[in-house]
Amino acid sequence: MKEGYLACASEYVAFVIQSQSSFPSSLQVETLREEFAIDLRVLGIASSKSMLLRERGVDLDTWRDDLQAHGRPVDMAVRDV
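Numbered per this note's numbering, the sequence shown spans residues 214 to 294.
Structure representation (structure tokens):
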């Protein structure tokens, strides 16, 4: 796993993971929520060619299909989700 950056601003943490095999599962996210009161949301996923951004979070059970069906060309200047 390669870490891109870690940035904290109030209750939000932005973290970039450069390996798709490192994504948390929905079960891991639920465990973090229930046991530690951590609300983890993956808001965006990108490959080298496309990206998927979701304001309320990407569904970690279907992200591969969603990225293929709804992904748009990678643009690091995108400000809207």
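Even glycine gets a Cβ: it sits at the ideal position worked out from N, Cα and C.
Residue i to residue j span [Cα, whole Å]
i, j, result
"Leu265", "Ala290", "14 Å"
"Leu253", "Trp276", "15 Å"
"Pro237", "Arg246", "13 Å"
"Ser239", "Ile251", "13 Å"
"Arg267", "Phe249", "24 Å"
"Thr244", "Asp278", "24 Å"
Proximity of residue i and residue j at Cβ, strictly below 7 Å
i, j, result
"Ile258", "Leu280", "yes"
"Val271", "Val255", "yes"
Of the residues the options, the one placed nearest residue i, counting alpha carbons only
i, options, result
"Ser263", "Leu253, Trp276, Gly284", "Gly284"
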